[in-house]
Amino acid sequence: MDTVSLWQAVLGEIELGVSQGNYVTWFKNTRLLKYKDNQVIIGAPNVFIKQQLERKFNDLINETLQKNGINAEKIEYKILPSSAINRKVQDETVIFDPSSQSPNSGQQSVTQSLNSGSTSSLTHTYRQGINERYSFENFIVGSGNELAYAACQAVAQNPGTKYNPLFLYGGVGIGKTHLIQAVGNMVISNNPAAHIVYVSTEQFVQEFLDAIRYKKNTDFAGYYRGADVLIIDDIQFIAGKEKTQEEFFHTFNALHQANKQIIMTSDTRPKDIPTLTDRLRSRFEWGMAIDMQAPDFETRCAIIQAKASQQNMVLPHDVVEHLASYVQNNIRELEGALNQLLAFCEMRGLEPSAEVAMALLGNTKSRPKHITPKQIIERTAKHFHLSVEDIIGPKRDRDIVVPRQIAMYMLRNELHLSFPKIAKELGRKDHTTAIHSVEKIEKEKVFDEEVRSALAEIKDRLYV
Ligand code: ADP
Ligand code: MG
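All the letters of the sequence shown, read from the start, carry residue numbers 1 to 464 under the working numbering.
As structure tokens, this is what we get:
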């Protein structure tokens, strides 16, 4: 394979594994300059990106190279000459106040190392970062994301008026970035003059550090505080960054007071972000915090069908179902599996079928068939720090009744057991208790976050 296609393959894989913001910021404009005799040289457009790749992403790059057959003993990073950098980089950036380029000592050394004359020094350049590919129209709504979808639409229609800040949290690859970017796109289309700023938290932190280093704090603050809508992705990465938290606190206040919309995502709820200062935590909880869950089987099927039809393909039901049960928790991986299948079929001139899917992806992996009722009951008991005897015994304390109901719900949902069978597993004679319990949890999980997260956690542990 030549260096260009090899690097394409590596980047393709990396894109699946990191956030969109990270990918665009750190990887998009890199090149593979050389690989020979286990030596790899990677080109980066500027010194910041080079440093970031070295410090943070070296392992990821190394692993991904290995997957593509390159065992690099050493990876070197070099700054690309500006002529080699795709001009699109500059088209996509918003230059913030170029007149402030008056030299100061720190600034000069950066500009020199970036080939002087170029205006794309990161100390001055902030990306708007909105990608048109993420819209409400191509987002499939289903269980797990419907609340977040509705809130995002409400915010997009009237930014800054309700749900401020809007805080979405949940696992990787379930559509957080997609939704918040869709808000940005909708606000721009309703009001092209609106100043929308989308930034990954890593990028925010990095820009802030650079701003301090090159004494551009005012530019930095001005840029973020001038936003009509500030969208900041993966805010959990602000954990442990005290100075950045302080800066963000002031940005937050300035925007909130001016009724400007703030939208954040995170992998956990605000109260579980470690080392977040109390004043920020309480602000994150001011507006609306919504948890997003991985979509259920039907929604996953709908997503696959939609993605396939975007590529003018109609897939047979059994193929769709195979894919949907193959990947359960991460839509990005689901898309990856679909694309892998479509590419494979195209190359070999095959029609996509369940057999091909199975041969290519293997059998449905993440849901082993051997989960037993006993395992579910044990898992549930453990989650609530109870014994199995408590759960299947006669006690009627609330602390035990709710976990028992949750165990019944899990038996129904995970194993599709009949109600009489569920009752029997839990040592109950009357199966109507099982019906009521399942219905009750079904309802509660809609509005009770603790129930929802208990279910998700028990399920997660069950399938590891
Ligand atoms: P997160 O930010 O939660 O990690 P992303 O928003 O990056 O996840 O989503 C991963 C991929 O899955 C994206 O390509 C996104 O477009 C797609 N995706 C996620 N949820 C949906 C959905 N409900 N409908 C359509 N595409 C989705
Ligand atoms: Mg994301």
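The beta carbon of each residue, even a glycine, is placed where N, CA and C say it ideally should be.
Would you say residue i and residue j are within 9 angstroms of each other, going by their C-beta atoms?
i, j, result
"A148", "M292", "yes"
"L276", "A239", "yes"
"F384", "A434", "no"
"H256", "A221", "no"
"A44", "K78", "yes"
"P295", "G129", "no"
"P403", "L386", "yes"
"V18", "F27", "yes"
"K162", "L168", "no"
"H80", "A72", "For the record, residue 80 in the displayed sequence is Leu; it is not His. No, Cβ-Cβ distance for L80 and A72 is not below 9 angstroms."
"H322", "M288", "no"
"I441", "H431", "no"
"A337", "L361", "yes"
"R452", "K445", "yes"
"I273", "I231", "no"
"N138", "Q310", "yes"
"V356", "F344", "yes"
"E298", "G142", "yes"
Closer than 8 angstroms: is that where the CB of residue i sits relative to any heavy atom of ligand 1?
i, result
"H178", "yes"
"M292", "yes"
"I14", "no"
"N329", "no"
"A306", "yes"
"L342", "no"
"I303", "yes"
"V24", "no"
"V141", "yes"
"V172", "yes"
"G17", "no"
"G175", "yes"
"N185", "no"
"E132", "no"
"N339", "no"
"P295", "yes"
"A217", "In the sequence under discussion, the amino acid at residue 217 is Asn, which differs from the Ala named in the question. Result no, Cβ not under 8 angstroms from ligand 1."
"E298", "no"
"R332", "yes"
"E335", "yes"
"N312", "no"
Under the rule that 16 or more other beta-carbon atoms within 10 Å means buried, what is residue i, buried or exposed?
i, result
"I196", "buried"
"S5", "exposed"
"E457", "exposed"
"G170", "buried"
"S200", "buried"
"G12", "exposed"
"I290", "buried"
"I317", "Here the sequence assigns His to residue 317, which means Ile is not the residue at that position. H317 should be labelled exposed."
"K374", "exposed"
"E202", "buried"
"L350", "exposed"
"Q8", "exposed"
"R437", "Note that residue 437 is Ser in the sequence shown here, rather than Arg. So S437 counts as buried."
"V320", "buried"
"E346", "exposed"
"Q305", "buried"
"P352", "buried"
"K36", "exposed"
"K216", "buried"
Any heavy atom of ligand 2 inside 8 angstroms of the beta-carbon of residue i?
i, result
"D234", "yes"
"S189", "no"
"G43", "no"
"S135", "no"
"Q20", "yes"
"T201", "no"
"T268", "no"
"T3", "no"
"T265", "yes"
Mind reading off the beta-carbon distance from residue i to residue j? Whole number of angstroms is fine, and I expect it under 8 angstroms.
i, j, result
"T380", "I371", "About 12 angstroms; that fails the 8 angstroms criterion."
"D267", "V172", "7 angstroms"
"Q261", "V229", "4 angstroms"
Kindly identify the DSSP beta-bridge partner or partners of residue i.
i, result
"S200", "D233"
"F167", "M264 and A289"
"Q39", "K36 and K74"
"A44", "I79"
"R31", "G43"
Quick one: is the Cβ of residue i within less than 8 angstroms of any heavy atom of ligand 4?
i, result
"L315", "Ligands in the displayed structure: ligand 1 and ligand 2; ligand 4 is not one of them."
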